[in-house]
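Read through the structure below, which is laid out as structure tokens, and then see the notes.
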DNA sequence: AAATTGCGATTTGTCATACAACATTACCTT
DNA sequence: AAGGTAATGTTGTATGACAAATCGCAATTT
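Protein chains in written order, with the working numbering: chain A, 1009 to 1251; chain B, 1009 to 1251.
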């Protein structure tokens, strides 16, 4: 039953208020990345609370990746990496997976990656082409039985293309998808394990090379088509493994 | 001086180890959503550490959205909502924005949303069509000067379509993009404020209706095209505001 | 019997103090 | 001046105490 009365000072916990306060200061750039925050003692004085409260506030901020705490030294504003944000997403996907995650990942890649490859074909620099070429060589050189290693190289190939769009939002949002590729791979090889291996790295390599050539030629349509073909093949591989 | 050897048991801090341990238990589903964790006192005994440490571990977990702590009651495994994960992403985007965020958002939408609309056209249910229809009515009924209100309805329209793909990954990853739409809107109206308003809700409505009709007809190609036209118009609107 | 109230026990929130572990600085020795 | 060492500062952990919120159960009221 709802009453007309609602909570007022939402965050009644002191550690919560102080967390907010420090977070705000960081968002306002009062403290920039790498800078040292006041010591626990100073924060106690500033806020007029006990060290317990300050420490718990700092702990929460560190858990969210906003600050790093170094024993004996102090608390510093984190050079914000995307890792903690990505981790949050991945944790959520893992915990809410009702079994559809793998298929959703496969489908999402088909939706997004062709377009990404197309944009990358337009925006890529020569340095990025170089990195892609190196990646192809690495895949060629990898031992045929080292599936995990190949997966890492595979992920990097697709990540490089996402980065080559020069769109930070795109590159960031694709990360959770790429992070889940090993799970997809594992699910494929878990089914037909040891016996007959459908895995054929030369096929993957061929697709990668086609995509690379299209991006090199700055041909978005062809890049997009090549990417879609690649992902369709991956999906077929996955579906075949379900029997 | 760095040695080539690094710590193995990475988290040397007790609170970190205990955080990990509890997190693992949650990931393993030893404690399911809504369930109550042992009390602080019990955890102290279990791990053989002080309450300080246990409390800081719980605080970190709560900051990451894995548990909720209720004073006088206990710590419970959180009904995991996507909010904290999304917040992390949004915070990261905000803090690392070098000025390109708004443009990246606009571009990312053009990459992703046409495909999404296409998939939604194939997978939408009648209930979802109903919700979209209601949303169109809401937009029609909104006061012309209530731009913030219209933005909320606009966001919901696009969110509904993303959900109608029935792909959790897609719906989740689009959230940070939608959350930033108000920022884009504000940047448009900040430029030509008060004077001549380029804002014309009837245009938006027309696009939305086209998209809706295509999705209703289960025509992915048309849905995709309509969505792209909509987003191109939005981009033009944005670019016009830059002069 | 059902609902409400009140009280005690449990649990989390905050404070204070003390000491350990680590980092930084200043000083001293060479 | 260079290098090592002690002093100092800062974070990590432990303990004890009490406040504040919640919960469970019995007593009371209706």
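Positions of the beta carbon are idealized from the N, C-alpha and C atoms, including for glycine.
The contact set of residue 1116(A) on chain B, defined by CB atoms closer than 7 Å, consists of 1175, 1177 and 1178 in chain order. Between residue 1037(B) and residue 1219(B), the alpha-carbon positions lie close to 41 Å from each other. For residue 1064(B), the nearest CB of chain A lies under 8 Å from its own CB, placing it at the interface with that chain.
Fewer than three beta-carbon pairs drawn from the region 1060-1070 of chain A and the region 1099-1111 of chain A are found closer than 8 Å, and the two stretches are therefore not classed as touching. The Cβ of residue 1112(A) sits closer than 8 Å to at least one Cβ of chain B. Note on geometry: alpha-carbon atoms of residue 1222(A) and residue 1145(A) lie some 17 Å from one another.
Taking the CA atoms as reference points, residue 1135(A) sits about 30 Å from residue 1123(B).
Positions of the beta strand (DSSP E) runs, each at least 3 residues long and wholly inside the region 1081-1144 of chain B, are given as 1082-1085 in order along the chain. About 6 Å separates the Cβ atoms of residue 1177(A) and residue 1113(B), confirming a contact at the 8 Å cut-off. Proximity of residue 1100(A) to chain B, defined by a Cβ-Cβ separation below 8 Å, is satisfied.
At a cut-off of 8 Å between C-beta atoms, residue 1097(B) counts as an interface residue with respect to chain A.
The Cβ-Cβ distance between residue 1074(B) and residue 1031(B) falls below 8 Å.
Take residue 1039(A), set aside five residues on each side of it, and the residues of its chain with a beta-carbon closer than 7 Å to its own are 1033, 1045 and 1085, in chain order. When 7 Å is used as the limit between beta carbons, residue 1124(A) is near these residues of chain B: 1119, in chain order.
Neighbours of residue 1249(B) in chain A, taken as residues at a C-beta separation under 7 Å, are lacking, since the least C-beta distance is about 20 Å.
Ranked by Cα distance from residue 1171(B), the first of 1129(B), 1072(B), 1225(B) and 1249(B) is 1129(B).
With the criterion set as a beta carbon lying under 9 Å from some beta carbon of chain B, the members of the region 1180-1194 of chain A are 1180, 1181, 1182, 1184, 1185 and 1188, in sequence order. Scanning 1050(A), 1234(A) and 1196(A) for the CA closest to the CA of residue 1111(A) turns up 1196(A). Interface annotation, residue 1081(B): not in contact with chain A, CB-CB separation never under 8 Å. A Cβ-Cβ separation of about 5 Å places residue 1098(A) in contact with residue 1184(A) under the 8 Å criterion. For residue 1171(A), the closest Cβ of chain B is not nearer than 8 Å. Residue 1148(B) carries a helical assignment under DSSP once its states are collapsed to helix, strand and coil. Where residue 1078(B) is concerned, the enclosing beta strand (DSSP E) starts and stops at 1075-1078.
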